[in-house]
Amino acid sequence: MHSEFLLIKRLQKIFSNADSSILCGIGDDCAVYKPHPDKQELLTVDSFVEDVHFKRKWTHARQAGVKALAVNLSDIAAMGGKPRVALVSLTIPQDTDENWVCQFCRGVQSLGKKWGMSIVGGNISRAAQFSSHITVLGEALKNKIKYRKGARVGDVIYVSGPLGLPHLALYCLENNLRVPPHALLAFNSPAPCVKEGLFLGALPQVTSMIDLSDGLLGDLSHVLKASKVGAQIELSKIPVHKDFQADCVKAGLDWRQALLLGGEDYKLLFTVKALGNDLFQKKMNRHSHAFWPVGVVVNASKGLIVLDEEGNNYQGVHGSFDHFNTVHS
78 MHSEFLLIKR LQKIFSNADS SILCGIGDDC AVYKPHPDKQ ELLTVDSFVE DVHFKRKWTH
138 ARQAGVKALA VNLSDIAAMG GKPRVALVSL TIPQDTDENW VCQFCRGVQS LGKKWGMSIV
198 GGNISRAAQF SSHITVLGEA LKNKIKYRKG ARVGDVIYVS GPLGLPHLAL YCLENNLRVP
258 PHALLAFNSP APCVKEGLFL GALPQVTSMI DLSDGLLGDL SHVLKASKVG AQIELSKIPV
318 HKDFQADCVK AGLDWRQALL LGGEDYKLLF TVKALGNDLF QKKMNRHSHA FWPVGVVVNA
378 SKGLIVLDEE GNNYQGVHGS FDHFNTVHS
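Given below as structure tokens:
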């Protein structure tokens, strides 16, 4: 790293945008953004820290940049919103290759561009460890925002895609095992479900929603707590990659634990009214979306129940991803 100001100039070129709603972008004390008058604004922030959330020996700079923004977009998707603008703050060690930083930012920009976003500012500072702290502002139609607190007894619980692969990849990387290519792709290049979130946000049949970042059971528990209900999940209904179970066996990993507790899936979990489920299925098929029912909402007194492949209570559940107990070693 040579000059902060020269780096800022390089990043300004990477993050250039032509969005008419951005009245002032990078280069002034603040960005100026013109919100849509008929929408409500969503705000989210996530940190992405080297040796906690990623390692350079596992992840290319551009991939790391994509993933750093993807975790924010997954939050916006979970509220039924569309991402609009972002602020990117970086802490950079003295010995970091400037080209690596630029490649990281190109990853951020590439995913932002895919969803019509603008990177409008941020900050860079010196630190002992590389990290990014990205704030995203999104928009959603008024009265169409989905929260965690809307689930009701009888609702059907859905997920928006296969689970478990990122946890399998992380386990293999940490134990110096061969990583299945499809698992490594899911780990390094998560695809936030923005399109699906927009579709679900517009449907009155959808009663609650959350993104799956800390594991299926961990994130489902947030919905249950907010909604004051319980849930019954069937292991056999949770979607997985066709080789997932076999890959877990080869790695010596309990596939059920990986499926239920592993984090970083960045899919959506949501609930649908029981009486509106048939209509929801018709709308889903009409718009060529694929969602998987994995369980039902039950009375809070029953807690969180997981049924194994034989329909018996599964007892092997011991926690979920915790930022303060889990470090990528």
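Positions 78 to 406 (this note's numbering) are the ones given, in order, by the sequence shown.
In this text, a Cβ means the ideal position worked out from N, Cα and C, and glycines have one as well.
Start and end residues, alpha helix (DSSP H) containing residue i
i    : result
L275 : 271-278
Q358 : 354-363
A328 : 321-328
F264 : 258-265
R333 : 332-338
K159 : Taken as a continuous stretch (DSSP letters only), K159 belongs to no alpha helix (DSSP H), being part of the beta strand (DSSP E) at 159-169.
D296 : 293-304
S187 : 175-191
H137 : H137 -> no alpha helix (DSSP H), and no H or E assigned at all.
F82  : 81-91
Y248 : 242-251
Residue-level contact to chain D via CB, residue i, 7 Å cutoff
i    : result
D342 : Reference to chain D is not applicable here, since this structure consists of a single protein chain.
Paired residues, beta bridge with residue i - DSSP
i    : result
Y235 : F347, P370
T445 : Because residue 445 is not part of the residues shown, which for the chain are 78 to 406, the question remains open.
S378 : S378 is not bridged to any residue.
N149 : DSSP lists no partner for N149.
I201 : L167
C101 : V109
F131 : E127
K116 : L218
N390 : L384
D342 : D342 is not bridged to any residue.
V283 : V349
L289 : K344
I196 : A163
Proximity below 7 Å, CB of residue i to CB of residue j
i    : j    : result
S166 : H130 : no
M156 : I222 : yes
G231 : I310 : no
V233 : V349 : yes
A138 : Q180 : yes
F347 : G241 : no
V271 : L150 : yes
Q186 : N265 : no
A377 : V283 : no
R183 : I315 : no
P267 : A154 : no
G158 : A217 : yes
L254 : A328 : yes
V374 : A308 : yes
L312 : E386 : yes
D408 : S195 : Nothing about residue 408 can be reported from this structure: the residues present for the chain run from 78 to 406 only.
P160 : G215 : yes
Cβ neighbours of residue i in the same chain (closer than 6 Å, five flanking residues each side left out)
i    : result
L164 : G198, G199, T212
G238 : K344
T403 : Low confidence applies to T403: its pLDDT is 45, below 50, so where it sits in the model is not reliable, and the reading given next is rough at best. Excluding positions up to five away in sequence, the list is empty.
Y391 : V383, D385
Other residues of its chain near residue i: CB distance less than 8 Å, five sequence neighbours each side excluded
i    : result
Y224 : M156, S285, M286, A303
A108 : I99, C101, G102, V162, L164, V197, G198
H299 : R225, I287
E341 : P243, H244, L247, F264, P267, S290, F398
G353 : P281, Q282
M361 : A367, F368
G104 : Q89
Beta-carbon proximity list for residue i, same chain, < 7 Å, skipping 5 on both sides
i    : result
E81  : I201
H400 : Because H400 carries a pLDDT of 40, less than 50, the predicted location of this residue cannot be relied on, and no value is offered for it.
S406 : Its pLDDT being 36, under 50, S406 is placed unreliably in this model, and the value from its coordinates should be taken loosely. These residues qualify, in order along the chain: E251.
Q334 : G393
Limits of the unbroken beta strand (DSSP E) element including residue i
i    : result
Q309 : 307-311
Could you say if the segment 119-128 and the segment 184-200 meet the contact criterion of at least three C-beta pairs nearer than 8 Å? no
How do the segment 239-257 and the segment 102-121 stand: do at least 3 beta-carbon pairs fall below 8 Å, yes or no? no
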